[in-house]
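**Q** The following block contains the structure, expressed as structure tokens.
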């Protein structure tokens, strides 16, 4: 069994190629920029590798997951970036856990989200989050990432852009739209864990800006932790969802990676689209009694349901 480990050398503090060479002895470890990874993954699939691993944050993992989705080669996410929600929810919190899954792991199928043919592993958002990402990157030229993020959030609270969006035939003025791959916690920002990655559902959240004193009410609700029960929050579950906008292009953040997209934005949940490698105990716990996941080397594509355990 042989695999390819793709390493983003600029993603976080733990993505050292030297560490991974030692942990993944016998497998090919390649450092490359994220925009090179899709082609590297395609080439590896053509050569018949058993798995492709990605060491980086969620945005780095997303660019390879699109290539491997609905294919025969599984993805092993290695938590080596600034955000590692996807890997952690699959029971892979450390580099050592990821390495152990290669020799003692299982393949399970999980859902992906999709917007206008662009797939994502965690979430897609419009408004506050992509705006904060863009402003943070500007501030990082002068400040640390932590302070750049604080400044970006403060600026958005003071000068946040409202936009018009149509959902299910109803028109809103909104501060932010969030679409999650799978259902998250109840609070607007309770986005650290999901109940499942195989429910074939999208978690939709919209923060309204068209009610009286909306800006002050949003800030107050966030400070008091009551936004989940506020009339300012529109929340729903969907398998498919279409969003219409007045603008000709919309800034969208897919797994934290900001890009311009042309509306309408057509979202859908793609069930079992991606095979992933997880630790054996995580697979057993997630699959439940009476179901069996395949091993990393011998599982057939699409084998076994894969419900991520509650955290």
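Residue numbers (our numbering): 5 to 315. C-beta: ideal position from N, C-alpha, C; glycine also. Nothing here was measured: the structure is a model prediction, and the numbers come from that model.
List, from N- to C-terminal side, the alpha helix (DSSP H) runs of 4 residues or more that fit wholly inside the segment 72-127.
**A** Annotation: the segment 72-127 contains the following complete segments of the alpha helix (DSSP H) (minimum length 4 residues), in chain order: 89-93, 99-108.
**Q** Can you tell me which residues form a DSSP beta bridge with residue 129?
**A** 182, 257
**Q** Work out the CA separation of residue 47 and residue 202 for me, nearest whole Å.
**A** 29 Å
**Q** Use the C-beta contact count for residue 84: other C-beta atoms within 10 angstroms, 16 or more gives buried, fewer gives exposed.
**A** buried
**Q** Would residue 101 be called buried (16 or more neighbouring beta carbons within 10 Å of its own) or exposed?
**A** buried
**Q** Among the residues of its own chain, which have a CB less than 6 Å from the CB of residue 67, if the five just before and after it don't count?
**A** 38, 41, 42
**Q** So, under 8 Å CB-CB, residue 185 and residue 121 are touching, yes? Tell me the CB distance rounded to an integer number of Å.
**A** Wrong, their Cβ atoms sit about 15 Å apart, outside the cutoff.
**Q** Alpha carbon to alpha carbon, how far is residue 282 from residue 110?
**A** 5 Å
**Q** Let's test the definition: count the other Cβ atoms within 10 Å of the Cβ of residue 6 and tell me whether it reaches 16, buried, or not, exposed.
**A** Residue 6 should be labelled exposed.
**Q** Among the residues of its own chain, which have a CB less than 8 Å from the CB of residue 98, if the five just before and after it don't count?
**A** Within the same chain, residue 98 has close Cβ partners 83.
**Q** Would a C-beta distance cut-off of 8 Å place residue 129 and residue 58 closer than the cut-off?
**A** In terms of Cβ geometry, residue 129 and residue 58 do not form a close pair [threshold 8 Å].
**Q** Residues in its own chain within less than 8 Å of residue 266 by CB, not counting five upstream and five downstream?
**A** 120, 252, 253, 254
**Q** Pick helix, strand or coil for residue 166, following the three-state DSSP scheme.
**A** coil
**Q** What residue from 234, 271, 261 has the CA that sits closest to residue 245's CA?
**A** 271
**Q** Starting from residue 50, trace the alpha helix (DSSP H) in both directions and tell me its first and last residue.
**A** 41-51
**Q** Under the DSSP definition of a beta bridge, which residues are partnered with residue 283?
**A** 109
**Q** On the DSSP letters alone, give me the boundaries of the beta strand (DSSP E) that residue 207 sits inside.
**A** 206-212
**Q** Tell me the DSSP secondary structure of residue 57 in three-state form.
**A** strand
**Q** I think residue 204 touches residue 275, with their Cβ atoms under 8 Å apart; what is that distance to the nearest whole Å?
**A** 4 Å
**Q** In terms of residue numbering, what span does the beta strand (DSSP E) encompassing residue 199 cover?
**A** No beta strand (DSSP E) holds residue 199; DSSP gives it neither H nor E.
**Q** Please classify residue 142 as buried or exposed, where buried requires at least 16 neighbouring CB atoms within 10 angstroms.
**A** Residue 142 comes out exposed.
**Q** By a C-beta neighbour count over all protein chains shown, 10 Å radius and 16 as the cutoff for buried, is residue 177 buried or exposed?
**A** exposed
**Q** Between the Cα of residue 26 and the Cα atoms of 243, 148, 104, which residue gives the shortest distance?
**A** 104
**Q** Find the nearest neighbour of residue 170 within the set 76, 242, 210, 155, judged by alpha-carbon distance.
**A** 210
**Q** Quick one: using the 10 Å Cβ neighbour count with 16 as the cut-off for buried, is residue 179 buried or exposed?
**A** buried
**Q** When you compare only the Cα positions, how much space is there between residue 294 and residue 214?
**A** Unreliable positioning characterises residue 294 in this predicted model, as indicated by a pLDDT of 31, which lies under 50. A coordinate reading is not provided.
**Q** State buried or exposed for residue 30, treating a residue as buried only when at least 16 other CB atoms are found within 10 Å of its CB.
**A** Exposed.
**Q** With distances taken Cα to Cα, identify the nearest neighbour of residue 91 among 149, 113, 65.
**A** 65
**Q** Go to residue 21, then tell me how far its alpha helix (DSSP H) extends in each direction, as first and last residue.
**A** 21-27
**Q** In the DSSP output, what is residue 8 paired with across the bridge?
**A** 32, 56
**Q** Would you tell me roughly how many angstroms separate the C-alpha atoms of residue 221 and residue 172, rounded to the nearest one?
**A** 25 Å
**Q** Residue 152 to residue 260, Cα distance in whole Å?
**A** 16 Å
**Q** Use the C-beta contact count for residue 139: other C-beta atoms within 10 angstroms, 16 or more gives buried, fewer gives exposed.
**A** buried
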